[in-house]
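Read through the structure below, which is laid out as structure tokens, and then see the notes.
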Amino acid sequence: MKAFLPKTCLLALLISFAAGSALAATAAPRLQLQPWAAGQNLAVGAVAFLPDNLGPERIAASERNGLLLLDEQGKELARLPGSFSGLDVRAVGQQVLVASLDNDRQQAVLVSLDTQSRSWGRPMYLPTRDYPVSGVCLYRDDARNLFLFLVGEEGKGEQWLVGGAEKLNASAQRVRGLPLPPQAQFCQVDDAANRLFVNEENLGWWAYSAHPEADVSRLPVALRAPFGQVKKTAGAMALVPGGVVALDPDAAQLHLYQQQGDTWSAEAALPLPGLKEPESIAVRRTAKGLQVLVRDDDDGRLYQGDINWQASAVQLPPVLPSVGALSQSDPVGRQGDAADDPAIWIHPLQPELSRVLGTNKKQGLLTYDLQGKLLQDLPVGRLNNVDVRPHFNLGEQTVDLAVASNRDHNSLSLFSIDRASGELKVAGEIPTPLKNIYGMCLFQPASGEIYAFANDKDGTFLQYRLSAPDGKVHGELVRQFKVDSQPEGCVADDQRQRLFIGEEDVGVWALDARPDQSAKLSSVIRVGPQLHADVEGLALYQSDARDYLVISSQGNDSYLVLEAEPPFASHGAFRVGLNATTGIDGASETDGLEVTSVNLGGPWSRGMLVVQDGRKRMPEQTQNFKFVPWGEVTKALSLPGAALP
């Protein structure tokens, strides 16, 4: 009697056979090491391949022989005498920039190497630190700024600005401190992904954001057992696009990891037979896979081999153009999340005497000149958002008006602005029934009256008509409407009588700003590929030629520019990045922003953009506001119709 397999079983067998054949066709990664430069007696502690396209040579750091340029057989081509440990390299034009640790001076050092003339440049030393530095690694960001990371004992780490474009700066500038694992010794940076990788000897390898404006958070790449598959120790590592190659020295293993979004999958654990203490590693890509150099600390020799493995390509976020701030405000007088929203008051006769107003939501209202110097501090309470409009009748006086949402009293705080001096004075307060007042903005139609929109965290908007016929401010509630979730930023287009409002996790809406009209919402842009939640500050750049809506896309630290009229076409996004020339850090985690097209003189001839900076760096201080020439935004996004000086 014949036995027949059911069709489903037969199909399963065929699928299994096909899968097995596919696996057999893809050979598992293998590594076979051979001694490299065995007869050269190099006595080096770390080695690195030259950057791509700069040659086949290697660079080595030796405690006895200095910094060395070596050919493919390990023959010395150039030497910088001294005692050095740790090593990283980057291309700087047609030269190589080498970072290391000078053991005699106990300082991090940077030095250029001309591989054609085989000559070393003059070393640049970072200031002596108050902790022992165990590791160094270089990083070049999207704006071509060059940084050096220091890894120190007891979890101390720092990021320093050392160059820009294709040259070193005259001196290094500290950007930020970075808390690292207490048992860190090695680091590497993936420039394209803006990721810093650091080891923690007894636990595993970690990935941080290398961007100077990033917050301090980390993700595990791989962990030691029982938390992960690493047998004993997390040691040195090397990077390839989309992958990490890392040493477990105590288990004499080499691990390969493939990046998958914000996680890394283990691809292989390769034994290192014959090596007792593999201490340092260098990797470069070849047509067949990877070429590897490993130093064995036990015998002091270098071993070379090839791995038939290529990490898969990883899709990275688009690189956004970057503009730099030309000036910045003095830091606010409170720690933590304090600075929030700016406004720009325009002097009616001398625009260069205009003022920037900024809220400190732990203190009150601040005013600055165009260089960022603090001029006034009005400690009236926890103010969140602020806006200004001209020509307000305060009894018999005509003043300009600033209004801010006051979270201490769930009210609107009003301030008069002297039209000659720019001096602010408290003008009064308008109570609201809101339980958690949050954002606000002003609207002034052609008829001249001024309206205030205030919102609550529950989505409620109230519209008030402001007046002060007897010198005392009044607010008449004229309209109320609601969105489904938390709003904050808003801005009114006085000319077109349109109000733009931001719903933080949803997007931007437009509606009629007039109190006697329907509050029907129409979508401007939703959170998605271009706009990343939270949606924060909104501002209008209005000129004779073109009007733009500028939005703080807080989720990816960028600023989106749209046409201010339907269909609200996008002109792209940009970032406010570190300005190496002025020594001003970039802006990140921005809450509020403001922009004007008025010629304020000098660099502000095409207007000014002011953004709140949630993470003040270089040096690290309390939050502040960054002042950016609008002309730089125009160039970065190739905007049509920008106002001319």
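10 is the number of the first residue of the sequence shown in this note's numbering; add one for each residue after it.
Beta carbons: idealized from backbone N, C-alpha and C, even for Gly.
As the structure is a prediction and not an experimental result, all values here were calculated from the model.
Residue i, buried or exposed, once every other Cβ within 10 Å from all chains shown has been counted against 16
i: A347; result: buried
i: W639; result: buried
i: T591; result: exposed
i: E629; result: exposed
i: G345; result: exposed
i: Y266; result: buried
i: H220; result: buried
i: E167; result: buried
i: G102; result: exposed
i: R535; result: exposed
i: L558; result: buried
i: N464; result: buried
i: H400; result: exposed
i: Q337; result: buried
i: F236; result: exposed
i: G457; result: exposed
i: R131; result: exposed
i: S647; result: exposed
i: Y140; result: exposed
i: S274; result: exposed
i: T137; result: exposed
i: K176; result: exposed
i: T469; result: buried
i: L403; result: buried
i: T407; result: exposed
Straight-line Cα distance separating residue j from residue i
i: E641; j: K241; result: 52 Å
i: G564; j: E598; result: 7 Å
i: H483; j: S422; result: 11 Å
i: A69; j: D514; result: 51 Å
i: E163; j: P340; result: 30 Å
i: N50; j: R73; result: 11 Å
i: K625; j: L587; result: 11 Å
i: S289; j: L40; result: 16 Å
i: L281; j: F195; result: 20 Å
i: Q551; j: F509; result: 14 Å
i: V487; j: A522; result: 11 Å
i: R114; j: N445; result: 57 Å
i: L540; j: D349; result: 20 Å
i: P9; j: Q372; result: Lying outside 10 to 654, the shown extent of the chain, residue 9 is not represented and no answer is given.
i: R227; j: G252; result: 17 Å
i: T368; j: V397; result: 13 Å
i: L658; j: T441; result: Look at the range of the chain in this structure, 10 to 654, and you will see that residue 658 is not part of it.
i: S562; j: E81; result: 49 Å
i: N608; j: D600; result: 25 Å
i: L238; j: L212; result: Note that residue 238 corresponds to Gln in the displayed sequence, not to Leu. For Q238 and L212, the distance between alpha carbons rounds to 11 Å.
i: A645; j: P326; result: 18 Å
i: V56; j: E209; result: 21 Å
For residue i, the first and last residue of its enclosing beta strand (DSSP E)
i: S579; result: S579 to G586
i: E276; result: T272 to P280
i: R227; result: R227 to L232
i: V544; result: V544 to Q551
i: S289; result: P287 to R294
i: H264; result: Q262 to Q269
i: N445; result: Careful: N445 lies outside any beta strand (DSSP E) and carries neither H nor E.
i: Y557; result: D556 to S562
i: P496; result: P496 to D502
i: Q168; result: G166 to G173
i: Q489; result: H483 to K491
i: Y140; result: First-last for Y140: undefined, no H or E at that position.
i: T368; result: R364 to N369
i: L106; result: Q104 to D111
i: A69; result: R67 to S71
i: H356; result: Segment: none, H356 is in no beta strand (DSSP E) and carries neither H nor E.
Whole-number beta carbon distance between residue j and residue i, since they are thought to touch under 8 Å
i: K370; j: L384; result: With a Cβ gap of about 19 Å, K370 and L384 do not count as contacting.
i: F577; j: L571; result: 5 Å
i: W129; j: L135; result: Actually they do not touch by this definition, with Cβ atoms about 18 Å apart.
i: G83; j: A46; result: 2 Å
i: A291; j: L299; result: Not quite, the Cβ-Cβ distance comes to about 10 Å (not below 8 Å), so this is no contact.
i: L443; j: N419; result: 5 Å
i: I353; j: T605; result: 5 Å
i: F634; j: Q621; result: 6 Å
Enumerate, from N- to C-terminal direction, the unbroken beta strand (DSSP E) stretches of 3 or more residues contained entirely within the segment 236-260. 246-249 and 252-257
Where in the segment 600-642 do unbroken runs of the beta strand (DSSP E), each at least 3 residues long, occur, reported from the N-terminal end onward? The DSSP assignment places complete beta strand (DSSP E) segments of no fewer than 3 residues inside the segment 600-642 at 602-605, 617-622 and 633-638, in order along the chain.
Kindly provide the ranges of any beta strand (DSSP E) runs that are 3 or more residues long and lie completely inside the segment 186-230, ordered along the chain. 196-199, 204-209 and 213-218
Quick check for students: name the residue ranges of the beta strand (DSSP E) that lie wholly in the segment 295-329, counting only runs of 3 or more. 299-305 and 310-316
Whole alpha helix (DSSP H) runs in the segment 31-64 with 4 or more residues, listed along the chain? None, since the segment 31-64 contains no complete alpha helix (DSSP H) of that length.
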